[in-house]
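**Student:** Residue numbers (this note's numbering), protein chains in the order written: chain A, 162 to 407; chain B, 162 to 407. The structure's right below; bear with me while I get my questions together.
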């Protein structure tokens with residue numbers, strides 16, 4: 162299982178992904194689900210992905226080969242994030258066209274999702290969610306984040322916190338709490354977590370960090386959040402429970 | 162969509178269900194998803210259900226007809242909760258055997274889940290989850306609760322709070338917070354909420370309560386929880402974010 166999230170605020174975008182791949186009952190590996198394409202001063206693109214690993218890797222390989230072979234258009238040549246989303250969608254369609262008949266024969270699910278966000282010089286930061294079918298949607302002021310994979314456990318805290326004017330620090334914390342909640346409820350989402358922070362208009366990646374299961378900050382966050390939630394629970398008003406009612 | 166939960170603690174069982182049925186895009190109705198079978202001093206059984214409404218209603222109808230017609234065995238004649246779960250599973254299999262071929266023709270999902278819990282004189286309180294296929298599992302000291310329907314948003318708070326020695330008051334509050342979180346994230350789970358509280362060994366229902374969207378206690382709970390979670394978030398340690406890193 163996978164969990165990835167990207168939240169866009171006025172001051173930038175926070176991307177994060179777990180790195181666990183469950184390729185079978187007793188075979189759990191870690192593979193990076195985040196990729197960064199950067200040309201400092203011109204563009205920064207970050208992709209996150211969930212779903213069939215062979216399909217996502219083939220799609221990324223397709224995109225990288227176009228860059229290396231200078232096949233136009235490619236992720237480093239297009240002038241808008243919209244075209245970036247189109248390129249990923251087209252590569253995904255190509256891979257699924259090639260593979261999905263074979264996968265279907267063995268009832269293997271070939272569906273995948275990509276999140277891609279960042280900024281290209283000449284336009285503002287943008288964030289997209291690309292579906293298995295290759296079509297996509299863009300984040301708006303009303304929908305400032307996208308999640309893929311095991312999304313439900315970690316959704317409530319993002320809903321509560323993320324607004325246009327949320328600080329980068331608070332956006333980072335909400336994303337990491339979102340991971341903490343998800344990993345607590347679904348053991349197949351696991352450390353390490355990759356996090357990338359982009360500052361709007363910087364056109365370079367501000368920070369990339371890998372949190373492993375020994376990470377001191379994640380342990381403090383986990384403890385503080387658990388204590389805070391228990392304190393919030395202890396403060397709740399009691400319901401008038403009458404155990405002797407007959 | 163539906164959300165139902167039942168949690169068993171040493172002092173009793175708390176059952177709760179939403180009552181929204183979404184039978185189509187623009188047709189949302191409320192139907193009770195909770196049923197109580199009570200013979201004071203002998204037994205108390207509470208059922209909750211999710212899934213295809215026609216199938217659940219037919220199953221319950223089947224069980225009620227057996228009681229009314231004195232067909233043995235029935236829910237009021239068997240001497241163990243295990244047999245209660247068997248009866249529900251058998252009724253469910255009968256209904257699906259009759260209807261599912263017709264439903265499949267139109268790609269209608271005929272799956273349903275039942276939760277049933279309570280106590281019959283002569284044995285302890287017990288709690289079961291019955292699957293669509295008519296088989297079932299029983300709650301254990303390690304798994305003290307069952308949820309059906311839209312289960313993920315409301316799971317974390319139950320995981321945090323429910324232990325064997327959790328008080329009835331805290332069990333009630335965790336169940337209601339669980340509903341609050343679910344309704345916040347999934348609009349198709351909605352008020353009113355039906356809640357039934359059973360005190361172990363009482364062999365009668367202690368309290369049944371319907372919370373509608375004007376309910377004063379639910380409004381206070383919602384406000385207090387939101388404030389508490391925001392306070393817990395504000396207390397989290399900051400991540401060392403360096404926006405000028407290059």
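Cβ atoms here follow ideal geometry from the backbone N, Cα and C, with glycine treated the same way. Predicted, not measured: the structure shown is a model, and the values here were computed from it.
(1) Let me know the secondary structure DSSP gives residue 169 of chain A once reduced to three states.
(2) Whose C-beta lies closer than 7 Å to the C-beta of residue 364 of chain B among residues of the same chain, with five residues either side of it excluded?
(3) What residue does the beta strand (DSSP E) around residue 280 of chain B start on, and which one ends it?
(4) For residue 369 of chain A, report the span of its beta strand (DSSP E) as first-last.
(5) Using the Cα positions of residue 218 of chain A and residue 291 of chain A, report the straight-line distance between them to the nearest angstrom.
(6) Name the residues in the region 310-334 of chain B whose C-beta lies less than 7 Å from a C-beta of chain A; which are they?
(7) Residues in its own chain within less than 7 Å of residue 318 of chain A by CB, not counting five upstream and five downstream?
(8) Would you call the region 346-355 of chain A and the region 385-398 of chain A touching, i.e. three or more CB-CB distances under 8 Å?
(9) So what does DSSP say about residue 208 of chain B, is it helix, strand or coil?
(10) What are the boundary residues of the beta strand (DSSP E) that residue 306 of chain B is part of?
(11) Between the C-alpha atoms of residue 406 of chain B and residue 357 of chain A, what's the straight-line distance to the nearest angstrom?
(12) Could you give the C-beta distance for residue 284 of chain A and residue 329 of chain A, rounded to a whole number, given that I count them as a contact under 8 Å?
(13) Secondary structure at residue 297 of chain A, three-state DSSP: helix, strand or coil?
(14) Assuming residue 167 of chain B contacts residue 278 of chain B (C-beta within less than 8 Å), just tell me the rounded distance between them.
(15) To the nearest angstrom, how far is it from the Cα of residue 374 of chain A to the Cα of residue 214 of chain A?
(16) Pairs of beta-carbons, one from the region 259-270 of chain B and one from the region 294-303 of chain B, closer than 8 Å: are there three or more?
(17) Report the neighbours of residue 381 of chain A on chain B: residues whose CB is nearer than 7 Å to its CB, in chain order.
(18) Check whether the Cβ atoms of residue 384 of chain B and residue 313 of chain A lie closer than 8 Å to each other.
(19) What is the DSSP secondary structure of residue 270 of chain B, reduced to helix, strand or coil?
(20) Where do the ends of the alpha helix (DSSP H) carrying residue 342 of chain B lie?
(21) Given a threshold of 16 other Cβ atoms within 10 Å of its Cβ, counted over all protein chains shown, does residue 399 of chain A qualify as buried or as exposed?
(22) Taking the CB atoms as reference points, tell me whether residue 320 of chain B and residue 180 of chain B lie closer together than 8 Å.
(23) Measuring only between beta-carbons, confirm whether residue 378 of chain A sits less than 8 Å from chain B.
(24) I'd like to know if residue 350 of chain B contacts chain A, where contact means its C-beta is closer than 8 Å to some C-beta of that chain.
(25) Quick check on residue 331 of chain B: buried or exposed, where buried means 16 or more other Cβ atoms within 10 Å of its Cβ?
(26) For the putative contact between residue 288 of chain A and residue 169 of chain A, defined by C-beta atoms under 8 Å, what is the C-beta separation to the nearest angstrom?
(27) For a contact meaning CB atoms closer than 7 Å, what does residue 358 of chain A contact in chain B?
(28) How many whole angstroms separate the CB atoms of residue 210 of chain A and residue 194 of chain A, which I take to be in contact at a CB cut-off of 8 Å?
(29) Looking only at DSSP bridge pairs, what is residue 198 of chain B linked to?
(30) Expressed to the nearest angstrom, what Euclidean distance is found between the alpha-carbon atoms of residue 186 of chain B and residue 162 of chain B?
(31) Quick one: using the 10 Å Cβ neighbour count with 16 as the cut-off for buried, is residue 232 of chain B buried or exposed?
(32) Would a C-beta distance cut-off of 8 Å place residue 359 of chain B and residue 207 of chain B closer than the cut-off?
**Tutor:** So, to answer that:
(1) strand
(2) For residue 364 of chain B, the CB contacts under 7 Å within the same chain, skipping 5 residues up- and downstream, are 201, 202, 203, 204, 205, 280 and 282 in chain order.
(3) 273-281
(4) 366-372
(5) The straight-line gap from Cα to Cα measures roughly 15 Å.
(6) 313, 314, 316, 317, 320, 321, 322, 329, 330, 333 and 334
(7) 335, 338, 339 and 342
(8) Pairwise C-beta distances place the region 346-355 of chain A out of contact with the region 385-398 of chain A, as fewer than three of them are shorter than 8 Å.
(9) strand
(10) Segment 306-310, the beta strand (DSSP E) holding residue 306 of chain B.
(11) Here the model assigns residue 406 of chain B a pLDDT of 45, short of 50, so the residue's position is not dependable, and the following value carries that caveat. Approximately 12 Å between the Cα atoms of the pair.
(12) About 21 Å; that fails the 8 Å criterion.
(13) strand
(14) 5 Å
(15) 23 Å
(16) no
(17) Those within 7 Å of residue 381 of chain A in chain B are 398.
(18) Contact flag unset, no.
(19) coil
(20) 329-346
(21) With fewer than 16 Cβ atoms within 10 Å of its Cβ, residue 399 of chain A is classed as exposed.
(22) Result no, Cβ atoms of residue 320 of chain B and residue 180 of chain B do not sit closer than 8 Å.
(23) At least one chain B Cβ lies under 8 Å of residue 378 of chain A.
(24) No - not a single Cβ of chain A is within 8 Å of the one on residue 350 of chain B.
(25) Here residue 331 of chain B is buried. Its C-beta has 16 or more other C-beta atoms within 10 Å.
(26) 5 Å
(27) Neighbours of residue 358 of chain A on chain B, chain order: 402.
(28) 5 Å
(29) B:206
(30) Note that residue 186 of chain B scores 46 on pLDDT, short of 50, meaning its location in the model is unreliable; the coordinates nonetheless yield the value given after this. Spanning the two alpha carbons is a distance of roughly 12 Å.
(31) Only exposed fits residue 232 of chain B, as fewer than 16 other CB atoms lie within 10 angstroms of its CB.
(32) yes
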